[in-house]
Each structure stands twice: as structure tokens, then as C-alpha cells.
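Visitor: In my numbering, the protein residues as written are 31 to 290.
For each residue, glycine too, the CB sits at the ideal point set by N, CA and C.
What follows is a single structure, and I will ask about it in a moment.
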Ligand code: B12
Ligand code: SF4
Ligand code: SF4
């Protein structure tokens, strides 16, 4: 059994001769009790740190479809722990057709909270003798196309935290798109989750309100250039200065409002 909180040093059987990354054989040392225990402790910690969503994505499975999934991170990983935190409804509801300084603040602070939580979770995994990498919540590391280290939407979808809506965002069945996400990559072969069913149904709220006209009937029709141009315009608004918007986030409030 793993005993994260109680242990001071790393878990000796796994760490002494481990190199970064792992093979099937090495991971054979993780029995199903360990997997359940580690997952449950991570989940508890995530909840204590403010997460409202928690899931595990099977990266081995995703890499079959997307071989370059982890091209922008160092190391070999087979799972991602993905967590989501809520934006404040009162802030989001203040958005009409552009970002507000309050939204910008809530966006930034939520990123800090997510990043902090991801580092705590990664630390917990590392102390148990496994590799862990906390992926930044909102850091851009490539242009044309613009990308983060890995896509939290993609991983969150695979971890069963929601579906990809018309607005291209990860839509939580409970909180809609008013959530932000972060992922921790690991070579600990945790029990994975799988995607959930969910669609926008007849809802079209985000299409109607997008100030750039960037949202189409399906996420494949999303016009990233239009969205990006609008967000670039918004960077010139007083007290904003970054590529944020929030209009399609506000539109998608989950609950009965999604029209699913
Ligand atoms: C760069 C970036 C941007 C760029 C756009 C770049 C782009 N390519 O999308 C700009 C500046 C325009 C932008 C805008 C916005 N962003 Co932004 N952005 C990012 C960032 C840092 C990287 C995204 C990335 O790597 N994209 C690359 C592609 C490959 O992945 P993706 O677009 O994320 O995911 C697509 C695919 O994976 C695919 N997909 C998902 N599941 C599956 C399953 C299968 C089987 C397949 C084939 C495909 C597939 O669909 C996804 C959506 O198109 C992420 C943080 C992160 N590291 O993920 C935040 C992130 C995506 N942004 C976010 C948000 C909220 C916004 C904005 C609303 C701005 C704001 N904060 O007000 C808008 C929304 C635009 C929109 N409707 O999509 C959130 C989304 C949260 C959510 N609930 O989904 C993220 C995840 C940040 C976070 N930590 O929560 N963003
Ligand atoms: S606002 Fe409605 S149409 Fe848009 S993503 Fe959310 S559920 Fe789908
Ligand atoms: S972020 Fe703004 S401009 Fe981009 S799709 Fe959403 S509502 Fe439209």
C-alpha cells in the first residue's frame, strides 16, 4: 500500500534502480491495490486543493491516435491526472460581449491555483517513486499553430471530465465551460477513466454570442483565426492586456442551460 502523506523518503522498491520513464515490466511492480490507493489519495488531495473535477487519461491509448501528443515535454509518460477548477459565476456573469478586468483577474488567479495544485499532486507522485510532470495551466510554447505543452482539453476529454462543445471548449456536464483545467503527466500506471457521452444537443448559445462569429455547428468548424484576431483586439482594452475573452465561457453554463 502507498502511504503518501506519512512517508518522508521516496518509496525504495521502485526508486533505487528506476530511470526516468518506465517499461511494462517495471510498472508490473504496481499492483491494483497500489493503483487504487494512489488514485484515491490524489483525488482527495485535488479536492482539498479546490478541484471540482478529477480524472485520469490513458496516454498510451491517446498516443495511438496522436503520436506527437507528448512531443513538447521531456520524458515518457503513460497517464495524465487532469483536474478542473471552477471560475466564479458572479464574475463570469458580468461578461457581456468582451472580457472584464474581473474576469481577467479570476482567469489569472485560477491559473495560479491550478498550477499550484498540479505541483502538489506531482510532488505526491514523485515522493512515491514515480515520474511526474505538472503541465502549466496556460503557457504557450509553440506558434503556428499555437500550442501549450499538451492540450488539457484533449486530456480532460479522455479522462471523462466532459465533452468538446461547439465552442471547442471542454464542457463539463455539471459546470459547462466555466471550468479551467490542468494536467499532471506520470509514469505511474493509474487506473484510467474513459470519455463520457455528451453533446450540445439543440443548444446554440455560444454561436449566437461569439463576437467574432468564430463558432460553427460543430467543433470542427471552429475558426481559430477569427477568434484569435478578436482576442488580439481585446488585449488593447484597458486593464486586460492578454488574450482572454470569456464570452463563450459565459454562454455555456451547464446545468439545465445547455439544452442537452
Ligand atoms: C494556445 C491557447 C489558446 C489560443 C488558441 C490556440 C488553439 N490552438 O486552440 C487562443 C489564444 C486563441 C486561446 C483562446 C481561448 N482559450 Co485557450 N488555451 C491555449 C492553450 C495554452 C494551449 C492550447 C493548445 O495546445 N491547443 C492545441 C490543440 C491540439 O489542442 P486543443 O485546441 O486544446 O484541443 C483540441 C483537440 O485536442 C481536439 N480534441 C479534444 N478531444 C479530442 C478527442 C479526439 C478523439 C480528437 C481527434 C480530438 C480531440 O479538440 C480540442 C478543441 O478543438 C490551452 C492550455 C493547454 N495547455 O491546453 C488554453 C485553453 C485551451 N484555453 C482556454 C480558454 C478558456 C480559452 C478562451 C475562452 C480564452 C479565455 N480564457 O477567455 C478562448 C477560447 C477559444 C475557443 N473557443 O476555443 C482553456 C479551456 C478550458 C475549457 N473549459 O475547455 C484552456 C484549456 C486553458 C485552461 N488551463 O483551462 N487559447
Ligand atoms: S453553449 Fe451550448 S452549444 Fe455552445 S458549447 Fe455550450 S452546450 Fe454547446
Ligand atoms: S473566445 Fe471569444 S471570440 Fe473566441 S470563440 Fe469564444 S466568444 Fe468567440
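Specify the secondary structure class of residue 213 as computed by DSSP and reduced to three states.
Guide: strand
Visitor: Using 8 Å as the threshold, is the C-beta distance between residue 279 and residue 208 below it?
Guide: yes
Visitor: Anyone know if the C-beta pair for residue 217 and residue 160 falls short of 8 Å?
Guide: yes
Visitor: If you draw a straight line from the alpha carbon of residue 106 to that of residue 219, how long is it in whole angstroms?
Guide: Each residue's alpha carbon lies about 12 Å from the other.
Visitor: State yes or no: is the C-beta of residue 175 nearer than 7 Å to some heavy atom of ligand 3?
Guide: Not under cutoff, so the answer is no.
Visitor: Would you identify the three-state DSSP class for residue 53, choosing helix, strand or coil?
Guide: Residue confidence for residue 53 is low, a pLDDT of 34 falling below 50, so the modelled location carries little weight; the figure read from the coordinates is stated next. Here residue 53 sits in coil by DSSP.
Visitor: Kindly indicate the opening and closing residues of the alpha helix (DSSP H) around residue 238.
Guide: 235-239
Visitor: Measure from the C-beta of residue 216 to each C-beta in chain D and report whether the shortest distance is under 8 Å.
Guide: Although the question refers to chain D, the structure presented lacks it and comprises just one protein chain.
Visitor: Taking 5 Å as the limit, name every residue whose beta carbon sits nearer than that to some heavy atom of ligand 2, in sequence order.
Guide: 195, 196, 197, 230, 233, 235, 236, 281, 282 and 288
Visitor: Counting C-beta neighbours from all protein chains within 10 Å, is the total for residue 129 16 or more, i.e. buried, or is it exposed?
Guide: buried
Visitor: Is residue 278 close to ligand 1? I mean its beta-carbon at under 7 Å from any heavy atom of the ligand.
Guide: For residue 278, the shortest separation between its Cβ and any heavy atom of ligand 1 lies below 7 Å.
Visitor: Is there contact between the region 72-87 and the region 112-131, where contact requires at least three CB pairs shorter than 8 Å?
Guide: yes
Visitor: If we count the other Cβ atoms within 10 Å of its Cβ and call it buried at 16 or more, is residue 227 buried or exposed?
Guide: By the 10 Å Cβ count, residue 227 comes out exposed.
Visitor: Is any non-hydrogen atom of ligand 4 found closer than 7 Å to the C-beta of residue 261, if you look at the structure I gave you?
Guide: Of the ligands this structure carries, namely ligand 1, ligand 2 and ligand 3, none is ligand 4.
Visitor: If you measure from the CB of residue 273, is any heavy atom of ligand 1 nearer than 7 Å?
Guide: Result yes, Cβ under 7 Å from ligand 1.
Visitor: Examine the Cβ distances between the region 130-145 and the region 58-73 and report whether three or more of them are shorter than 8 Å.
Guide: no
Visitor: Taking 7 Å as the cut-off, is the beta-carbon of residue 336 closer than that to any non-hydrogen atom of ligand 1?
Guide: There is no way to answer for residue 336, as the model of the chain reaches only from 31 to 290.
Visitor: Looking at ligand 1, does it come within less than 7 Å of residue 118, judged from the CB to the closest heavy atom?
Guide: no
Visitor: How do the region 145-156 and the region 185-197 stand: do at least 3 beta-carbon pairs fall below 8 Å, yes or no?
Guide: no
Visitor: Among all the DSSP beta bridges, which residues are the ones paired with residue 111?
Guide: 86 and 214
Visitor: Just list the residues that DSSP pairs residue 281 with in beta bridges.
Guide: For residue 281, which the question treats as bridged, DSSP gives no partner whatsoever.
Visitor: Suppose you measure from the CA of residue 92 to the CA of residue 261; what does that come to, to the nearest Å?
Guide: Between residue 92 and residue 261, the C-alpha separation is close to 30 Å.
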